[in-house]
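Working notes for the structure below.
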Amino acid sequence: MRNVELGVRVIRKWKTYNDIKENWQKGLELLLMHENSTIIQASIPKTLSKRFDQAIVEGKMYNFSKFIVEPNICDDDKATTTDLKLDIGYSTNVIEALNLPILMYGFRFTPFEDIINQHVDESTYIGKIGTHISY
Numbered sequence: 276m277r278n279v280e281l282g283v284r285v286i287r288k289w290k291t292y293n294d295i296k297e298n299w300q301k302g303l304e305l306l307l308m309h310e311n312s313t314i315i316q317a318s319i320p321k322t323l324s325k326r327f328d329q330a331i332v333e334g335k336m337y338n339f340s341k342f343i344v345e346p347n348i349c350d351d352d353k354a355t356t357t358d359l360k361l362d363i364g365y366s367t368n369v370i371e372a373l374n375l376p377i378l379m380y381g382f383r384f385t386p387f388e389d390i391i392n393q394h395v396d397e398s399t400y401i402g403k404i405g406t407h408i409s410y
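Quick note on my numbering: the sequence shown kicks off at 276 and runs consecutively.
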């Protein structure tokens with residue numbers, strides 16, 4: 276762990292649950308967007324969920340420091356295509372930032388034909404954000 280500060284916007288936050296033990300929370304996951312629009316995933320263990328759940332709000336910007344960078348292995352909780360992710364620990368600091376040049380939303384579009392023909396990496400989440408009705 277190096278003392279690096281990373282300014283990001285929280286674009287998504289959700290709780291993760293154990294597949295075997297019903298209603299057993301594993302922790303929190305975050306999707307963070309950096310000023311160059313890179314999406315980074317961050318994991319918060321269950322033991323720190325209470326501390327960070329109320330302190331981190333979707334849409335707000337924060338400076339993260341004293342976090343651990345680890346490989347973003349392919350499992351059920353992987354929500355980005357980046358090779359690395361942040362692990363939030365006991366010594367991680369999260370401070371709200373007000374003046375970072377970060378967009379409010381980040382999207383990566385996949386052509387509809389690729390989705391229909393199943394030419395999409397299985398690790399990609401697909402969601403509908405709108406429908407074009409007319410020109």
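Heads up, the beta-carbon is just placed ideally off N, CA and C, and yes, glycines get one too.
C-beta atoms of residue i and residue j nearer than 8 Å
| i | j | result |
| --- | --- | --- |
| L303 | I319 | yes |
| E280 | N338 | yes |
| L375 | E310 | yes |
| Q316 | A372 | no |
| D328 | E345 | no |
| T357 | T385 | no |
Cut-off 8 Å between Cβ atoms - residues of its own chain near residue i, not counting five sequence neighbours on either side
| i | result |
| --- | --- |
| K341 | M276, N278, G364, S366, T367, N368 |
| W289 | L303, E304 |
| N392 | none |
Opening and closing residue of the beta strand (DSSP E) in which residue i lies
| i | result |
| --- | --- |
| I370 | 368-372 |
| E280 | 280-292 |
Cutoff 6 Å; reference residue i; Cβ partners in own chain excluding five residues on either side
| i | result |
| --- | --- |
| R287 | L306 |
| W299 | N293 |
| T291 | K301, G302, E304, D352 |
Buried versus exposed call for residue i [16 or more other C-beta atoms within 10 Å across all chains shown]
| i | result |
| --- | --- |
| V283 | buried |
| I390 | exposed |
| V285 | buried |
| I295 | exposed |
| H394 | exposed |
| I331 | buried |
| K403 | Note that K403 scores a pLDDT of 49, beneath 50, so its modelled location is shaky; the value from the coordinates is reported in the next line. Exposed, by the Cβ-count rule. |
Unbroken alpha helix (DSSP H) run spanning residue i, endpoints
| i | result |
| --- | --- |
| L388 | In the sequence on display, residue 388 carries Glu and not Leu. 387-391 is the span of the alpha helix (DSSP H), which, as asked, contains E388. |
Cβ neighbours of residue i in the same chain (closer than 7 Å, five flanking residues each side left out)
| i | result |
| --- | --- |
| I370 | Y337, N338 |
Secondary structure, beta strand (DSSP E): runs of 3+ residues fully inside the region 306-362: With a minimum length of 3 residues, the continuous beta strand (DSSP E) runs that stay inside the region 306-362 are 314-320, 336-340, 343-346, 359-362.
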